[in-house]
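Worksheet for the structure shown next.
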Amino acid sequence: MIHRLAELSFTQVDALDRDRTVVLFAVSPLEEHGPHLPIGTDLFHAEYFSEELAKRIIEANTGWTVLIGPSLPIGASAFDQAGTLLARARTVRNATLDYGAALARHGFRYILVTNGHAGPRHVVALEEAAAVVSRRYGARMLSLSGPVLWKFLRGKFNDRLEPLLGRPLTEAEREAMRGDAHGGLWETSLLMRVRPSLVDPAYAQLVPARFSLLDALRKNYPLRLGNRMGYIGSPAAASAEFGELARRLLLDVVWDVVRPVFDARDESWQQTSFLYKIPFLRTAFPYWVLVLGVLLAGLLLVQWLR
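So for the sequence shown, my numbering puts the first residue at 5; every next one is plus one.
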């Protein structure tokens, strides 16, 4: 069965079989996504996939229960404009860690975090939280967006999209996908499938917005460069049909990541993104730098006093 965590009493929650219960919750910011999409785009996507994933878990695991927990509408590495709820990466990490720990302390072993936001520090913050809870409580807590993002960046989506499409992608379609990262073809199409009433029809008149790697080093670059409309990619190429393909593809990819979690013999379940291995994206990096700076200053002072 599928339940809403917030709608149950504590006795109902406590009566659940911990070995056959999965908890899902979404962590994604409210963030600008151009003039045509709502600021809740990432959160709507994350919540939608929590719902769809819950159904698939129940179908694949007879007698199991899924709890869908309330969402956390915060995020790091977001484009900062009116309406964006931007938090520090350490805050995102700690909030997610505490959420997961509150569940794991009471015996819940399977905890999955969905996320629709690809900000690097946000992705890593969620992975850190999941790793700490898993290690500290012997649970299997996994943030799903990291492994999925890695597959996307390696071009694995295109390989699986063509069979769903039933034909090779055209050059125009491939061009529309290049550099499509925020409020473009993918997100606009997917929201047409998930929450169509929230997509402004003006999306069809928006010109492609392309940026270089050098551009991307600037803070809030899609709001400061180009047409300054806050999107990256080709929203005008979006369609509900592509949104349905994207929905099916993403659900299949996410399911590939989730399945090992329920197999006690499979140690490959704890997947992370390549971003997790980059030191300066870790939430403790500023503290490491501070400690190193203090130690270095101390050594210099000792040398000077000698």
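The beta carbon of each residue, even a glycine, is placed where N, CA and C say it ideally should be.
Bear in mind the structure is a predicted one, so any value in this text is a computation, not a measurement.
Nearest residue (CA-CA) to residue i, options the options
i    : options                : result
V152 : F278, A64, G297, L285  : F278
A185 : P226, L12, A106, V265  : P226
M350 : A129, A86, K281        : It is not possible to answer for residue 350, since the shown part of the chain is limited to 5 through 310.
L202 : D23, V31, G38, E11     : G38
R8   : R60, V127, T69, R251   : T69
Y114 : R24, W154, E36         : R24
V127 : L305, T276, G230       : T276
D46  : T66, N231, N119, R140  : N119
S81  : R125, Y291, I62        : R125
G3   : Q307, S216, T192, H40  : The shown model of the chain, from 5 to 310, leaves out residue 3, and the question about it has no answer.
A105 : G123, L303, G79, R144  : R144
V137 : Q274, I6, R286         : Q274
K223 : P172, L195, G123, W308 : G123
G142 : F112, G302, E11, A19   : F112
D21  : R269, E35, M5          : M5
A244 : A64, D84, L194, T15    : L194
Beta-carbon gap between residue i and residue j smaller than 9 Å
i    : j    : result
R97  : L130 : yes
V26  : V117 : no
H121 : P33  : yes
P74  : L89  : no
G187 : G237 : yes
P264 : S272 : yes
I43  : S54  : no
F313 : V17  : No answer is possible for residue 313: it lies beyond the span of the chain, which begins at 5 and ends at 310.
H40  : Y235 : yes
A50  : T100 : no
L255 : R164 : no
Assumed close pair residue i, residue j - CB separation to whole angstroms, cut-off 8 Å
i    : j    : result
G247 : R197 : 3 Å
A250 : W190 : 6 Å
W259 : R60  : 6 Å
A242 : G230 : With 8 Å as the limit, A242 and G230 do not qualify as a contact, their Cβ atoms being about 18 Å apart.
Y103 : F48  : About 20 Å; that fails the 8 Å criterion.
V262 : L107 : V262 to L107, Cβ: 17 Å. No contact.
Min CB distance residue i to chain D below 9 Å
i    : result
F156 : Any reference to chain D falls outside this structure, which holds one protein chain only.
Do three or more CB pairs link the segment 142-156 to the segment 170-180 at distances below 8 Å? Contact between the segment 142-156 and the segment 170-180 is absent, because fewer than three Cβ pairs lie under 8 Å.
So within the segment 81-110, which uninterrupted alpha helix (DSSP H) runs reach at least 4 residues, ignoring any that extend past its ends? 93-108
List, from N- to C-terminal side, the beta strand (DSSP E) runs of 3 residues or more that fit wholly inside the segment 38-75. 69-72
Length-filtered (4 minimum) alpha helix (DSSP H) runs lying within the segment 122-170: For the segment 122-170, whole alpha helix (DSSP H) runs of length 4 or above, ordered along the chain, are 124-141, 149-157, 160-169.
Whole runs of the alpha helix (DSSP H) within the segment 176-226, excluding any shorter than 4 residues: 189-198
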